[in-house]
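Residue numbers (numbering that gives the first Met the number 0), protein chains in the order written: chain U, 0 to 315; chain L, 0 to 315.
Protein chains: 2
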Amino acid sequence: MPVIDIHNHFFPRTWPDLAARYGTPDWPWIKHTEAGKADIMLGDRFFRSIYSACWDPEVRLNEMDRDGVDMQVLSATPVLFAYERPVEHALDCAMLFNDAALELCARGKGRLKSLCQVPLQDIDASCKELSRCMRAGHLGVQIGNHVGEKNLDDPGIVTFLHHCANAGAAVLVHPWDMLAPQRMPKYMMPWTVGMPAETQLGIVAMILGGAFDKLPSKLRICFAHGGGSFAFLLGRLENAWHHHPVAHGLCALPPSHYLNRFYVDSAVFDERGAAGIGLSLPAGRTSGRDSHTIKFAGLSDERPSAGWECGNVSRS
Amino acid sequence: MPVIDIHNHFFPRTWPDLAARYGTPDWPWIKHTEAGKADIMLGDRFFRSIYSACWDPEVRLNEMDRDGVDMQVLSATPVLFAYERPVEHALDCAMLFNDAALELCARGKGRLKSLCQVPLQDIDASCKELSRCMRAGHLGVQIGNHVGEKNLDDPGIVTFLHHCANAGAAVLVHPWDMLAPQRMPKYMMPWTVGMPAETQLGIVAMILGGAFDKLPSKLRICFAHGGGSFAFLLGRLENAWHHHPVAHGLCALPPSHYLNRFYVDSAVFDERGAAGIGLSLPAGRTSGRDSHTIKFAGLSDERPSAGWECGNVSRS
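Here you go:
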């Protein structure tokens, strides 16, 4: 069975000056610092240090060989989503990065594929760009788990997911724009507390909001980071559903009946956690490098419980 | 081994009109609706329906017999905390409920004990009330996982926890005042998404903020609901700690080294989840009744991994 990494991010080596292009501040740009290294900046603010595996297919393929990965499915990082921007800017930005992804994949000796991004604040524009990208060779789309205060049960987003199902586009849901930043100002807690909560919110909203009831079962949707905190909290959710009328939401069945409707990746960094979501991992942990984290799932025709059939490599 | 329920809430049958007493609106009050039933109101707003087990020790003891519980340690519900109120009001309110808890326990045939509450927005007042309550017969204190934007690594809260350790007062941390309510307006998601995130935030802040390094190991502190989402997210936290300098926080050791510093209860409503936190449960699930939920832990001198030695009963 081939090992396919479905959760890793890329950055092009260069892209246009988006602040100048659109006349608005704080767009991401890449500041090359030394050979093979760069910083992602948001306007004047440092966001993250990255290195050449983000943009150089040779470096990436070498790392895949080292880690025993047969194929990678690339996606942008959520910092590029621009859902809060005017749709014409977000669409133009999406097209830039979507085309850049295909260029990078074209140099990947058949081992690199990609997910596109869309301006999810506008459903018509998102459906149109998704269709364009599928024709151009993307395998699907990566979306954020929310658009402002709209969760994944928002009627427009459900419409977009329906379009994805019909287009055969796989959907990877990545947490972003983490909630309550003033409550977790330090220690990267938006990543260790906020992100899993965002993913939990995405899954719970889809279930209780009736999105899975409306969507066809052929939709392939996967939640990042092992589904956030969902696996451990399913009991709490199920209990609330049975005992509190207001927690019942709109869904036709108890929450546990929807586990066969979505996938999760194996990026939980803990074999015990992976076991908790029904994954059997070889010994070893995933690495934790900044923007090119090795986290992957071996694709399979089977859909075991709520998880992908997964493999992981050791780098320690 | 006796079965001791350490997480259940009480309401007195009556208490003074706090809005009139303090001249400020939206205090909780109890509206008796029919024999043995009542609604908790927050000003004009309905909060929760409860029944006589909340205030009648006879009813409570009968339920304990039915459920195989030897002893209960009662606590107020977080809706009574009043941390956002002037301290003199919150202290007066705490004293009212603390004394009411002891009255209820006095009629419990030795099988009811209690945790007090304190005005945690004021550390001196909290230490003083904790000492008064310990002398009066409380076993410890229940606190919220935050006070406004102060997490459990706040120096004042750490001082209070130090006082609890020295006083031999057990501490139960309950999530409350859930984050980002505008992001989860429906379906009780503040309870199924927000509460576990709050508890995760409490534990992570204590670890990364260095609170456990400062506090003596004799502190007995327990987090509600199986520790929120912490158990499943430990791998993510540990990975971030090792790979991102900013995620390192102030703590001396990796996060996994602090698992022997706190307890979690068994209120996870799922045997698989319980197994994930090192608990071995008999068959059966906890019940999910509103304000008198059966969730309990058999006390033990041992501290197995991150959990209490727990027992659970079946009511289905």
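C-beta atoms are modelled at their ideal positions from N, C-alpha and C, and glycine is treated no differently.
CA-to-CA, the gap between U/F46 and L/K127 works out to about 45 Å. Each residue's CA atom was taken as its position, placing L/H256 and U/L249 some 42 Å apart.
Here L/L200 is near U/M188, since their CB atoms are less than 8 Å apart. Along the stretch 85–107 of chain U, there is no position whose C-beta sits under 8 Å from a C-beta of chain L. Put simply, the CB of L/L119 is far from chain U, with every gap to its CB atoms at 8 Å or more. For U/H137, the closest of U/H161, U/A75, U/S228 by C-alpha to C-alpha distance is U/A75.
U/H6 and U/V267 have their alpha carbons spaced roughly 12 Å apart. Along the stretch 111–160 of chain L, the alpha helix (DSSP H) occurs as fully enclosed runs of 4 or more residues at 122–135, listed in sequence order. For U/V267, the C-beta contacts it makes with chain L under 7 Å involve G234, R235, in order along the chain.
Around the C-beta of U/H224, 16 or more other C-beta atoms lie within 10 Å, and the residue is accordingly described as buried.
Under the 8 Å criterion on CB atoms, U/V245 is classed as interfacial with respect to chain L.
Closest in C-alpha terms to U/A81, from the list U/A18, U/N61, U/A105, comes U/A18.
The alpha-carbon of L/P244 is positioned some 11 Å away from that of L/N238.
Nearest C-alpha to L/L151 among L/V117, L/V192, L/G209, L/Q181: L/G209. Taking the Cα positions, L/K30 is about 5 Å away from L/D38. Just so you know, the alpha carbons of L/V2 and U/V170 end up roughly 47 Å apart.
Close CB contacts of U/Y21 within its chain, under the 7 Å cut and outside five residues either way in sequence, are with H88 (chain order). In chain L, no part has a C-beta under 9 Å from the C-beta of U/S125; the shortest such distance is about 21 Å.
Per DSSP, the continuous alpha helix (DSSP H) segment holding L/F229 begins and ends at 229–242. Interface residue (Cβ-Cβ distance to chain L less than 8 Å): U/M187 is classified as such.
From the listed residues L/D212, L/L160, L/L207, L/K149, the smallest Cα separation to U/Q181 is found for L/K149. Between U/K185 and U/G193, the alpha-carbon positions lie close to 12 Å from each other. In terms of beta-carbon proximity, U/G248 lines the interface with chain L, with at least one pair separated by less than 8 Å. The secondary-structure analysis by DSSP pairs U/L73 across a beta bridge with U/N7, U/S113.
Judged by DSSP in its simplified three-state form, L/C92 adopts helix.
In chain U, no part has a C-beta under 9 Å from the C-beta of L/T13; the shortest such distance is about 26 Å.
For the alpha helix (DSSP H) assignment, the uninterrupted runs of no fewer than 4 residues enclosed by the stretch 174–221 of chain L are, from N- to C-terminal side, 194–207, 210–213. Along the stretch 40–57 of chain U, there is no position whose C-beta sits under 8 Å from a C-beta of chain L. C-alpha of U/F211 to C-alpha of U/T158: approximately 12 Å in a straight line. In the three-state DSSP reduction, U/R59 falls in the helix class (H, G or I). Between L/Q141 and L/H162, the gap from beta carbon to beta carbon reaches 8 Å or more.
Counting the other Cβ atoms within 10 Å of the Cβ of U/D264 gives 16 or more, which makes it buried.
Taking the beta carbon of U/N259 as reference, no residue of chain L falls within 9 Å; the closest one sits roughly 17 Å away. Per DSSP, reduced to three states, the secondary structure at U/R65 is helical. Between the alpha carbons of U/W14 and U/P77 lies a gap of roughly 16 Å. Among the residues facing chain L, U/H162 is not included, as its CB has no counterpart in that chain under 8 Å away.
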